[in-house]
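Using the working numbering, the first residue of the sequence shown is number 32, and each one after it goes up by one.
We treat Cβ as the ideally placed atom computed from N, Cα and C, and that holds for glycine.
Before any comments, here is the structure.
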Amino acid sequence: MQNNPRRRSNCPISFSLDILGDSWSLLIIRDIIFAGKKTFGEFIASDEGIARNILTNRLSRLEAMGLITKNPHLGDKRKDLYELTEAGLDLIPVLLELSAWGAKLEPETAEAAAWLDEVQMDRNSLIQQIRNTVKQGGSVFT
């Protein structure tokens with residue numbers, strides 16, 4: 032990690048929440064992994080309706096923490112591309128488990144039963160497949 036937040040304790044869960052515990056950071060990472068979003072405009076268009084100033088702050092923070100990189104868009108110099116680092120890719124299992132947990136608690140969520148079954152059946156293989164797809168610039172659902 033490039034920029035350690037002020038720690039409340041030495042507990043690893045507390046440390047993780049200091050980085051990712053706000054309402055938006057994991058949703059930004061979710062959008063990169065599952066929806067293939069890479070630009071500010073794509074993130075701002077997400078259903079949750081993040082404010083521009085909050086998005087700017089969270090992208091900067093995720094970059095400072097070493098979870099995403101920001102690079103100029105080769106096709107449009109007015110845009111930047113945000114991509115996950117290795118540390119960001121390491122969050123794939125966390126997001127899969129959060130997805131399964133949320134769907135278990137609230138069956139009315141948008142997660143398809145087949146997708147959740149796949150997460151449970153061969154978790155390690157699925158994690159590696161998603162990791163490789165995202166590293167190559169792809170996403171899970173697009």
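Of the residues the options, the one placed nearest residue i, counting alpha carbons only
i, options, result
"LEU120", "MET152, THR164, ASN102", "THR164"
"ASP78", "ILE59, ILE64, LEU90", "ILE59"
"GLN159", "MET96, ASN41, ILE64", "ILE64"
"GLU117", "THR140, GLY133, GLN167", "GLN167"
"MET96", "LYS68, ASN155, ARG109, PHE46", "PHE46"
Neighbourhood of residue i by C-beta, 6 angstroms cutoff - its chain only, sequence neighbours within 5 removed
i, result
"GLU94", "LYS101"
"GLU114", "THR100"
Proximity of residue i and residue j at Cβ, strictly below 8 angstroms
i, j, result
"LEU112", "THR70", "yes"
"ALA66", "PHE172", "yes"
"LEU51", "LEU57", "yes"
"ARG83", "TRP55", "no"
"LEU157", "ALA131", "no"
Residue environment, residue i, which counts as buried when at least 16 other CB atoms sit within 10 Å
i, result
"ASP153", "exposed"
"ASP62", "buried"
"ILE161", "buried"
"ARG92", "buried"
"THR81", "Residue identity check: residue 81 is Ile in the sequence provided, not Thr. Counting Cβ neighbours within 10 Å, ILE81 comes out buried, since at least 16 surround it."
"LEU136", "exposed"
"LYS68", "buried"
"LEU122", "buried"
"LEU105", "exposed"
Sequence-distant residues of its chain with Cβ nearer than 8 angstroms to residue i (five each side left out)
i, result
"LEU129", "LEU57"
"GLN151", "ALA131"
"ILE85", "TRP55"
Residues near residue i by beta carbon distance below 7 angstroms, same chain, minus five either side
i, result
"PRO103", "ASP111"
Taking only runs that begin and end inside the segment 56 to 107, name each unbroken alpha helix (DSSP H) of 4 or more residues, in chain order.
With a minimum length of 4 residues, the unbroken runs of alpha helix (DSSP H) contained wholly in the segment 56 to 107 fall at 56 to 66, 71 to 75, 83 to 95.
May I have a chain-ordered list of the alpha helix (DSSP H) segments no shorter than 4 residues that lie completely inside the segment 104 to 161?
117 to 120, 123 to 136, 144 to 152
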